[in-house]
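As you go down the protein sequences, you meet chains L and F in turn. Residue 29 is where the first sequence starts when you use this note's numbering, and the numbers rise one by one after that. Residue 95 is where the second sequence starts when you use this note's numbering, and the numbers rise one by one after that.
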Amino acid sequence: MMPISREEVEHIAELAKLALTEEEKTLYAEQLSAILEYFRQLQEVDTSGIPPTATVLPIRNVFRPDEPGEPMPREELLRNAPAQADGCFQVQPILEFD
Amino acid sequence: MAPWRWTIHETLEHLRRGEISAVEVTRAYLDRIEALDPLLHAYLTVTPEEALAQAREADARWAAWRRDPSTPLPLLNGIPLAIKDVICVRGVRCTCGSRILENFIPPYEATAVARLREAGAVFLGKTNTDEFAMGSSTENSAFGPTRNPWNPERVPGGSSGGSAAAVAADLCAGALGTDTGGSVRQPAALCGVVGLKPTYGRVSRYGLVAYGSSLDQIGPITKDVRDAALLLQIIAGPDPRDATSWPAPVPDYTQALIPDLRGMRIGVPPEYFIPGMQPEVERAVREAIEVLAELGAEVIEVSLPHTRYALPTYYMIAPAEASANLARYDGVKYGLRIQGETIWDTYRLTRGIGFGPEVKRRIMLGTYALSAGYYDAYYLKAQKVRTLIRQDFERAFERVDVIVCPTSPTTAFRLGERTADPLQMYLADIFTITANLAGICGISVPCGFDGEGLPIGLQILGPALGEEKILRVAYAYEQATPWHHQRPPMDAALQGRTGA
């Protein structure tokens with residue numbers, strides 16, 4: 029496995045929506061390379077025919093009853109909003125129009 | 095009277111006999127927090143008015159019960175507890191140790207907290223934590239580290255270090271922590287208290303801010319084993335709000351507390367006694383195993399051959415789950431918002447500035463492991479090794495009732511000692527991580543001290559839903575040894591402060 033380059037760090041940061049400083053990019057390139065190098069030992073393990081474990085519980089497809097209930101009051105939901113207007117969460121536009 | 099010294103069950107006894115009121119107990123803890131927390135920083139938020147109001151309600155229930163003993167009395171009536179600040183208490187700021195949630199006030203309550211509230215508990219406040227529970231030392235809190243009551247130059251362990259330090263320093267009667275890779279057991283070991291990680295699904299995760307969803311579990315941190323059983327009794331059980339809570343009835347855990355281990359088979363895995371571990375830790379744990387044998391247990395060597403792969407497996411799976419769970423912090427619905435020129439800039443800036451270094455490191459690691467081209471090599475591979483680790487335990491538990499080993503390879507390390515080297519820091523959880531990967535239960539109890547007077551923890555692991563077994567072994571060991579009676583030298587610090 030190759031060490032992680034700065035370009036790869038920038039690409040991962042873009043996927044993760046994280047603004048990183050130049051120092052952070054250098055630091056994470058080094059640290060992620062070291063951590064992934066350590067993870068190489070997993071490749072020694074023969075896992076052919078071994079199913080992956082996603083959950084340890086012996087349950088699947090748990091459904092709740094589909095019953096209408098009282099929603100939380102709007103003011104309470106909006107109380108933590110960084111910005112709000114007209115009883116809605118206020119954000120910048122996702123699409124730009126001319 | 096020094097009510098802060100009492101365990102939960104002792105406090106209940108004093109309250110029952112009417113020797114003290116819940117308000118007096120609560121006030122004693124609040125005074126002690128005021129005096130000592132500036133030194134330890136175990137709490138992020140203290141809620142004295144709410145706590146005293148809850149204590150007054152508890153006293154009213156005690157009074158009603160005295161007038162008519164047939165009045166139902168909740169199990170924890172008037173007991174002051176602390177809650178790790180990644181678990182939601184309705185109306186009380188929940189920061190997760192992060193700037194991104196600095197001012198977040200949850201409009202709902204975790205099921206575990208709601209059950210404690212219904213049981214009459216009093217909530218003193220929210221305890222310090224590594225940011226989003228990511229860390230092994232509580233140094234990753236955006237609000238500054240917690241210090242170990244046994245030695246303020248040392249870490250309390252992490253990520254429930256605030257809760258463990260608060261219990262050890264008698265700043266609460268008991269606390270809730272969360273354990274994703276050992277974050278209840280490891281700080282309990284480093285602070286000399288009891289920490290129990292229940293079986294995955296035994297306690298509802300509703301209202302626990304998610305980090306690694308397939309691993310996270312809420313657990314009690316207490317002054318003794320009986321208190322751990324008592325708190326688990328209340329918080330355990332299925333919850334319709336958490337589809338991953340285990341649909342099994344809750345046994346009476348206090349029935350498991352018998353000071354005798356005849357008929358119990360105890361497994362000792364050589365893989366948990368590794369080169370490089372602190373010799374005093376190994377010696378204390380070996381001596382503890384001898385005590386268990388004297389109490390009637392049969393000691394059997396069991397092998398857990400995939401143990402050495404647990405750490406890389408965990409640090410692949412947990413960050414992958416974290417990268418998905420933490421996608422919700424985008425500055426739109428709650429928390430910090432750093433406005434950029436476009437919405438995309440706002441997302442990036444909010445997250446880049448709002449998250450601390452360890453959280454960003456794990457998001458990056460998880461995003462990488464899940465990204466196209468690397469998923470099979472990293473994430474899927476880790477999920478398969480996780481199966482092998484589970485199978486190791488399943489095979490071992492066919493031969494033994496519980497497994498005993500150290501909780502942590504070292505006692506509390508110095509603040510700052512490992513912060514520059516994430517891999518070195520990750521090693522602090524090397525003995526606890528397997529239980530989370532396998533979904534089994536585990537408990538840490540004090541088993542001695544090193545040459546510098548720092549506590550050592552004995553870990554007892556049990557099979558899924560095997561809480562009664564680990565509680566029985568922990569209780570028998572505790573009753574046969576003096577360690578849990580020892581307290582950190584806090585009163586000297588207290589006199590130093592008030593006497594100045």
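All C-beta atoms, glycine included, are put in the ideal place defined by N, C-alpha and C.
When the Cα atoms are used, residue 497/F and residue 414/F turn out to be separated by approximately 29 Å. Excluding sequence positions up to five before and after residue 253/F, its CB lies within less than 6 Å of the CB of 223, 224, 227, 229 and 277, all in the same chain and listed in chain order. Proximity to residue 395/F across 371/F, 157/F and 365/F peaks at 365/F, based on C-alpha coordinates. At a Cβ-Cβ threshold of 8 Å, residue 248/F and residue 135/F do not count as neighbours.
As computed with DSSP, residue 317/F is found in no beta bridge at all. Beyond the five residues adjoining it in sequence on each side, residue 469/F comes within less than 8 Å, by CB distance, of 463 in the same chain, given in chain order.
In chain order, 139 and 199 place their CB closer than 6 Å to the CB of residue 187/F, counting only its own chain and leaving out the 5 sequence neighbours on each side. Residue 237/F: not part of any beta strand (DSSP E); DSSP gives it neither H nor E. Taking CB atoms only, residue 54/L has no neighbour in chain F less than 8 Å away. Under a 10 Å Cβ-count criterion, residue 424/F is classified as buried, with 16 or more other Cβ atoms of the shown protein chains found around its own Cβ. The beta-carbon separation of residue 175/F and residue 210/F, rounded to 6 Å, stays under the 8 Å limit for a contact.
For residue 539/F, the enclosing beta strand (DSSP E) begins and ends at 535-543. No residue range can be given for residue 163/F, since it is assigned to no alpha helix (DSSP H) and is classified by DSSP as neither H nor E. For residue 186/F, no Cβ of chain L is located within less than 8 Å of the residue's own Cβ. Within the DSSP bridge table, the entry for residue 395/F names 362/F as partners. Residue 202/F is not a Cβ neighbour of residue 386/F, given a cutoff of 8 Å. Linking residue 543/F to residue 288/F through their CA atoms gives a straight-line distance of about 15 Å. If you draw a straight line from the Cα of residue 446/F to the Cα of residue 510/F, it is about 23 Å long. Neighbours of residue 59/L in chain F, taken as residues whose beta carbon is under 8 Å from its own, are 455 and 516 in chain order. The beta carbons of residue 437/F and residue 120/L sit closer together than 8 Å. The beta-carbon distance between residue 116/F and residue 149/F, rounded to whole angstroms, is 4 Å. This is short enough to meet the 8 Å contact definition. For residue 550/F, the enclosing beta strand (DSSP E) stretches over residues 549-556.
Put simply, the region 528-543 of chain F touches the region 552-561 of chain F. At least three CB pairs are less than 8 Å apart.
In the assembly as shown, residue 76/L is an exposed residue. Its beta-carbon has fewer than 16 other beta-carbons within 10 Å. Residue 146/F and residue 422/F have their C-alpha atoms some 35 Å from each other. About 34 Å separates the beta carbon of residue 239/F from that of residue 212/F, a gap too long to meet the 8 Å contact definition. Proximity to residue 375/F across 419/F, 355/F, 286/F and 205/F peaks at 286/F, based on C-alpha coordinates. The Cβ atoms of residue 245/F and residue 586/F lie no closer than 8 Å to each other. According to DSSP, residue 176/F shares a beta bridge with 219/F and 269/F. Under the three-state reduction of DSSP, residue 114/F is assigned to coil, being neither helix nor strand. Taking a Cβ-Cβ threshold of 7 Å, the residues of chain F close to residue 117/L are 426 and 427, in chain order. A contact is defined here as three or more CB-CB pairs under 8 Å, and the region 565-579 of chain F fails this definition with respect to the region 300-316 of chain F.
A direct Cα-Cα distance of roughly 9 Å separates residue 444/F from residue 434/F.
Counting only runs of at least 4 residues, the region 371-420 of chain F fully encloses the following alpha helix (DSSP H) elements, listed from N- to C-terminal order: 373-388 and 404-419.
If the five residues before and after residue 355/F are omitted, its C-beta is found closer than 8 Å to the C-beta atoms of 386, 389, 390, 391, 566, 567 and 570, all from its own chain and listed in chain order.
Within the region 91-104 of chain L, 91, 92, 93, 100, 101 and 104 place their CB atoms closer than 9 Å to a CB of chain F, listed in sequence order.
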